[in-house]
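Residue numbering for the sequence shown follows the working numbering, starting at 803 and increasing by one per position.
Glycine included, each C-beta is placed from N, C-alpha and C at the ideal position.
None of the values given here were measured: they were computed from a predicted structure.
First comes the structure, then the notes that go with it.
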Amino acid sequence: MEIGEILKKHGLLTDQQLSATRDQANGSGRLDQIAVELGFVTEEAALRAVGTEVGLDYIDLADADVDLTLLQAFPKQIMHREAVFPVCRKDGSLVVATSDPTNLYAIDEIASETGASIEPVLANRIEIQKLIKTHFGVGSETISGLLKADEEKDEDDVQFLDDVDMDGSELSEMIQEPSVIRLVNEILVEALEARTSDVHIESQEAGLKVRYRIDGILQRQPVPPEINRYANAIVSRLKIMARLNIAEKRLPQDGRIKLRVSGREVDVRVSVIPMIHGEGIVMRILDKGRMKFDLKSLGMEDDQYAIFHDVISRPHGIILVTGPTGSGKTTTLYSALEEIKSEGTKIITTEDPVEYQLPGINQIQVHSKIGFTFSASLRAILRHDPDIVLVGEIRDLETAENAIQASLTGHLVFSTLHTNDAASAYTRLVDMGVEPFLVASTVEAVMAQRLVRTLCNKCKEAYKPNLDELPPTFPKDKLTGDLFQPGGCKDCRHTGYAGRVGICELMVTSEAVRELAQDRASSWKVRNAAIKDGMIGLQDDGWRKVLAGKTTVDEVLRVAKGH
803 MEIGEILKKH
813 GLLTDQQLSA
823 TRDQANGSGR
833 LDQIAVELGF
843 VTEEAALRAV
853 GTEVGLDYID
863 LADADVDLTL
873 LQAFPKQIMH
883 REAVFPVCRK
893 DGSLVVATSD
903 PTNLYAIDEI
913 ASETGASIEP
923 VLANRIEIQK
933 LIKTHFGVGS
943 ETISGLLKAD
953 EEKDEDDVQF
963 LDDVDMDGSE
973 LSEMIQEPSV
983 IRLVNEILVE
993 ALEARTSDVH
1003 IESQEAGLKV
1013 RYRIDGILQR
1023 QPVPPEINRY
1033 ANAIVSRLKI
1043 MARLNIAEKR
1053 LPQDGRIKLR
1063 VSGREVDVRV
1073 SVIPMIHGEG
1083 IVMRILDKGR
1093 MKFDLKSLGM
1103 EDDQYAIFHD
1113 VISRPHGIIL
1123 VTGPTGSGKT
1133 TTLYSALEEI
1143 KSEGTKIITT
1153 EDPVEYQLPG
1163 INQIQVHSKI
1173 GFTFSASLRA
1183 ILRHDPDIVL
1193 VGEIRDLETA
1203 ENAIQASLTG
1213 HLVFSTLHTN
1223 DAASAYTRLV
1233 DMGVEPFLVA
1243 STVEAVMAQR
1253 LVRTLCNKCK
1263 EAYKPNLDEL
1273 PPTFPKDKLT
1283 GDLFQPGGCK
1293 DCRHTGYAGR
1303 VGICELMVTS
1313 EAVRELAQDR
1323 ASSWKVRNAA
1333 IKDGMIGLQD
1343 DGWRKVLAGK
1353 TTVDEVLRVA
1363 KGH
């Protein structure tokens, strides 16, 4: 029976869906896979149905007890090429997981290579690929191919790769470019699938180390040890892709790569720094397809959102967002601009760099090396009759004074500062050299924020906390039920967390805060005055997320301890 008819028989496809699947297939491709891609059925349900008809069992590899000793004698080329994985031995047969019940050739080839009787079972294709990457490393298939190619060359050709790394000429480096770029692309694709924000490729004495920053936490990625032979080639390919000088190995360099991955536009910001064991690379991945700039989805509670929306709707003044690098400041500012933009307002931004392109908003890239700084661009912006201005960061007195001047002349100015909390923004501007009365009269509000990891909804576990072990600042009087802690499942890569949400303190400049700022009061006094006026602190906002079951006590303490 045809696979499409099997799915229909088991009630997984309607006549209309089966017809649409066949039209999409157009005579080629597996109907079950196409039905999965169209969203008509899950891969597990489809494989279970097909398995029932052809007499094959389905197993969940995420929970299966896989015998890893079988990998030593298992043909790796077939495993990579056919996406199969040995599971265990059963009654004298070798149990092999596959996601393709129609591929009998692969089963016969494995039997021929191993001399064993093969019992195929069906499993999710993504779970099979995860196992391969976990136990052989990201890019292991490409490395295997490179090694095979090297074995077919004579010794002089292998040495030539070292010569290429030594002389650094672009022509020499490009000889093996397709293979190594494929390896680099595999690393990037895997990073995108794992929702990675940064890829760290570090040259260390023991060899190349690859780490992904996922939800703010660095996680080491398995890579095959043979990758060390291509470490210099990988760095050179990345430098070529980022249009950097591949011969310069003594100075830091910054570049950018534009990619299209699975139909999604992705920008990769590349930073290369020479270190004692070679060049280290960090790639910031900006996935345009995944980013949604929506204030309501950032994690603000309803009361904070109402206040912030009122503040960003004012006709003039300065609104600051503060926090360390990677705390979501740019996302908050972009979301604010998306909320208030209209055909009746002109918005101009000056950024370093422009991370995301926003339709309907005029964006400027600063170039400090040629003197086009934040302050210089801000002066030029004001001649273009804007209503709203975003300055990427207030770094110095000149930029601060220009921002204040813009707000005094009737413009709404958004910007960021690197301070630990909202109250410190006022004292920081005064420390830069801005007159206190100007700070007090122009700054309308300051939002300090952090990002906490959110619990995976599929595996989070409820527990009754020991009240004595909760932090002193935790509102125990509001605890009416269970709290939640991370579990661990295949959907969250067994971390217990999936995604992040913002916690914030929003300080609106009240009359009391203005007077304290004008009197050069300490940030501690400014903060206390804001709390008396109703401000909710960073930790307190975090506790609200904990009580709502969105995150954990440990996460809030990790990012907002002392706040």
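Give the C-beta separation of residue i and residue j to the nearest angstrom, bearing in mind that I take them to be a contact with Cβ-Cβ under 8 Å.
i, j, result
"Ile1163", "Ser1179", "Contact doesn't hold; Cβ gap of about 15 Å is too wide."
"Val901", "Ile930", "For the record, residue 901 in the displayed sequence is Ser; it is not Val. Indeed they touch by this definition, with Cβ atoms about 6 Å apart."
"Leu1340", "Ala1250", "6 Å"
"Ile1109", "Thr1244", "Not confirmed; about 19 Å, so no contact."
"Thr1282", "Thr1353", "At roughly 18 Å, the Cβ-Cβ gap does not stay under 8 Å, so Thr1282 and Thr1353 are not in contact."
"Ile1149", "Leu1139", "6 Å"
"Glu1081", "Lys1060", "With 8 Å as the limit, Glu1081 and Lys1060 do not qualify as a contact, their Cβ atoms being about 22 Å apart."
"Gly831", "Leu820", "About 14 Å separates the two Cβ atoms, so there is no contact after all."
"Leu1231", "Ala1208", "Actually they are not in contact, since the Cβ atoms of Leu1231 and Ala1208 sit about 14 Å apart, beyond 8 Å."
"Ala1319", "Pro1238", "6 Å"
"Ala1247", "Ser1325", "Actually they do not touch by this definition, with Cβ atoms about 16 Å apart."
"Val852", "Pro903", "5 Å"
"Val1037", "Ile1083", "6 Å"
Quick one: is residue i buried, meaning 16 or more other Cβ sit within 10 Å of its Cβ, or exposed?
i, result
"Asp1056", "exposed"
"Ala1264", "exposed"
"Trp1345", "buried"
"Ala757", "The question about residue 757 has no answer here: the residues shown for the chain are numbered 803 through 1365."
"Asp1293", "exposed"
"Asp1089", "buried"
"Phe1286", "buried"
"Gln879", "exposed"
"Glu804", "exposed"
"Thr844", "exposed"
"Asp1223", "buried"
"Asp1343", "buried"
"Asp1233", "exposed"
"Gly1304", "buried"
"Val856", "exposed"
"Leu1044", "Checking the sequence shown, residue 1044 turns out to be Ala, not Leu. Flag for Ala1044 reads buried."
"Ile1183", "buried"
"Leu809", "buried"
"Lys1262", "buried"
"Asn1268", "exposed"
"Gln818", "exposed"
"Ser1177", "buried"
Whole angstroms are fine: how far does the CA of residue j sit from the CA of residue i?
i, j, result
"Ile1042", "Arg1316", "52 Å"
"Asp865", "Asp859", "15 Å"
"Asp1069", "Val1012", "19 Å"
"Gly1018", "Ile1029", "26 Å"
"Ile1087", "Glu995", "12 Å"
"Ile1172", "Gly1101", "39 Å"
"Leu1272", "Gln1006", "41 Å"
"Lys1280", "Lys1347", "12 Å"
"Thr1221", "Val1156", "22 Å"
"Ile1075", "His1002", "12 Å"
"Ser1137", "Tyr1299", "24 Å"
"Lys1266", "Pro1274", "17 Å"
"Gly1146", "Thr1175", "28 Å"
"Ala837", "Thr823", "6 Å"
"Ile920", "Val898", "7 Å"
"His1118", "Ser1144", "16 Å"
"Ser999", "Gly1130", "12 Å"
"Asn1047", "Val1072", "13 Å"
"Leu933", "Asn1259", "23 Å"
"Phe842", "Pro1027", "41 Å"
"Asp825", "Gln835", "13 Å"
"Glu1067", "Arg1015", "20 Å"
"Arg1185", "His1213", "12 Å"
"Glu846", "Leu924", "9 Å"
"Gly1336", "Val1215", "24 Å"
"Val1025", "Thr936", "8 Å"
Q) Can you list, in chain order, the stretches of the alpha helix (DSSP H) that have 4 or more residues and sit fully within the stretch 1074 to 1118? A) 1104 to 1114
Q) Pairing CB atoms from the stretch 1092 to 1102 with CB atoms from the stretch 1189 to 1197, are three or more of them under 8 Å? A) no
Q. Counting Cβ pairs, one atom from each stretch, are 3 or more of them under 8 Å apart for the stretch 1105 to 1115 and the stretch 1305 to 1313?
A. yes
**Q.** Cβ contact check for the stretch 1247 to 1261 and the stretch 1121 to 1134: 3 or more pairs under 8 Å
**A.** yes
Q: Report the residue ranges of all beta strand (DSSP E) runs contained in full by the stretch 993 to 1030; include only those spanning at least 3 residues, in chain order.
A: 998 to 1006, 1009 to 1016 and 1019 to 1023
Q. Taking only runs of the beta strand (DSSP E) that begin and end inside the stretch 1185 to 1264, which ones reach a length of at least 3 residues, in chain order?
A. 1190 to 1193, 1214 to 1219 and 1245 to 1257
**Q.** Every unbroken beta strand (DSSP E) within the stretch 1290 to 1328, with a cutoff of 3 residues, ordered by chain
**A.** 1299 to 1310
Q) Taking three-plus beta-carbon pairs below 8 Å as touching, is the stretch 909 to 919 in contact with the stretch 872 to 891? A) yes
(Q) Restricting to runs no shorter than 3 residues, where is the beta strand (DSSP E) found entirely within the stretch 816 to 854? (A) none
Q | Ranges of the beta strand (DSSP E) found wholly within the stretch 1134 to 1163, counting only runs of at least 3 | A | 1149 to 1153
Q: Go through the stretch 880 to 934 residue by residue and report every complete run of the beta strand (DSSP E) that reaches 3 residues or more, in order.
A: 886 to 892, 895 to 900 and 919 to 924
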